[in-house]
Structures are given as C-alpha cells and as structure tokens.
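In this note's numbering, the protein residues as written are -4 to 150.
Pasting the structure below:
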C-alpha cells in the first residue's frame, strides 16, 4: 500500500511539473505579445496598462520556475504525506492565479477600461472565493477529525 501511495505521489508531482511548464510557456508567449503591443501602443496610458499586465505574467513565470525547481528537488517522495496534500498544490494555485490575472488585465486593457478597474476587481472578486475556500478547508478538517482513522491498526 505504501508503494501505491508513493507511486501516486510521484505521478501527481509529474503532472504538477507538466502543468507549471505549460503555465511558463503560455506566460512567456503572453509577455512577448504584450511587449510587441507596448511598442505599438498609441498612447502612454495604454503602454503603462500593458506593462502592468506583463508584470503579472512575469510573476506567473517566476512562481512556476521556482516551483518546478522545488518539486524537482524532492529527493524522497516517501517522506511526504500524500494522503493529505500533495507537493506543489499551492504553487499551481498561485501560478494559475497570476496567469489568470494577467489574462483579465489584458482583456480589460483591450476593452479600453481604466487601469483601476481590473485592479479593484482583482482585489474584490477573490474575497468571496477565499472565504468559501477557508470555510470549506475548516469544515473538511473538522470532519476528518471526527472520523476514526481507517489505518489505525485496530483489526
């Protein structure tokens, strides 16, 4: 059973690395496109908005590259408790969030909205999701504490 758990953990780490590689590639392509758009921007205001947008994609690349390096540095997957949380879970969450934020800012910029609009939405919109995520995590943790451990050795 431990071998199955270790194999599953290894597969999850491989999938997370592949996902982070895709985020890195897509973010890199988005940065190049945005830099080309900055060169052709008709006004300085649009160029500034695009530069802010490019920074979110740079952030996604940095998170992804650092996380891939961290995941590749896991020497002993057997030491990680795969029954609760897999390695790199938060890294994929934050890299995805940075990439999604960059896409949202690009859409708002191309729609001609002022820069404060996507920034306010980036701050206000995630709040209900964070509240639900925290509440859900607390509820799951409380339920798991109530359930007896199936692998406690009582047979």
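For every residue, glycine included, the Cβ atom is placed at its ideal position computed from N, Cα and C.
Values in this document were obtained by computation on a predicted structure and should not be read as measured data.
TODO: Could you check the C-alpha separation between residue 97 and residue 115 for me, to the nearest Å?
DONE: To locate residue 97, count along the chain shown from 1; it is residue 102. To locate residue 115, count along the chain shown from 1; it is residue 120. Those two C-alpha atoms are separated by around 14 angstroms.
Task: Limits of the unbroken alpha helix (DSSP H) element including residue 152 - done: Outside the displayed span of the chain (-4 to 150) sits residue 152, for which this structure offers no information.
Open item on the list: On the DSSP letters alone, give me the boundaries of the alpha helix (DSSP H) that residue 66 sits inside.
Closed with: Along the chain shown, one-based indexing puts residue 66 at 71. Segment 39 to 67, the alpha helix (DSSP H) holding residue 66.
TODO: Since I believe residue 26 is in contact with residue 53 (beta carbons under 8 angstroms), could you give me their beta-carbon distance rounded to a whole number of angstroms?
DONE: As a first step, residue 53 must be located in the chain shown, where it is residue number 58. As a first step, residue 26 must be located in the chain shown, where it is residue number 31. With a Cβ gap of about 7 angstroms, residue 53 and residue 26 count as contacting.
Task: Straight-line gap, residue 118 to residue 8 (C-alpha atoms, nearest Å) - done: Numbered from 1 along the chain shown, position 123 holds the residue referred to as residue 118. Numbered from 1 along the chain shown, position 13 holds the residue referred to as residue 8. Rounded to whole angstroms, residue 118 to residue 8 spans 30 angstroms at the Cα level.
Task: C-beta atoms of residue 93 and residue 15 nearer than 9 angstroms - done: Counted from its first residue, the chain shown places residue 93 at position 98. Counted from its first residue, the chain shown places residue 15 at position 20. Cβ distance not < 9 angstroms, so residue 93 and residue 15 don't count as in contact.
Open item on the list: Could you tell me the alpha carbon to alpha carbon distance between residue 135 and residue 127, rounded to whole angstroms?
Closed with: As a first step, residue 135 must be located in the chain shown, where it is residue number 140. As a first step, residue 127 must be located in the chain shown, where it is residue number 132. Taking the straight line joining both Cα atoms gives about 12 angstroms.
Task: Pair within 9 angstroms by beta-carbon distance, residue 18 and residue 59 - done: Residue numbering aside, residue 18 sits at position 23 when the chain shown is read from its first letter. Residue numbering aside, residue 59 sits at position 64 when the chain shown is read from its first letter. A contact, by the Cβ cut-off of 9 angstroms.
TODO: Rounded to whole angstroms, what's the CA-CA distance from residue -1 to residue 13? Just pull it up for me.
DONE: What you label residue -1 is simply residue 4 of the chain shown in a count that begins at 1. What you label residue 13 is simply residue 18 of the chain shown in a count that begins at 1. Approximately 21 angstroms between the Cα atoms of the pair.
Task: Assigned secondary structure, residue 36 (DSSP; H/G/I helix, E/B strand, else coil) - done: Taking the first residue of the chain shown as position 1, residue 36 is located at position 41. Three-state result, residue 36: coil.
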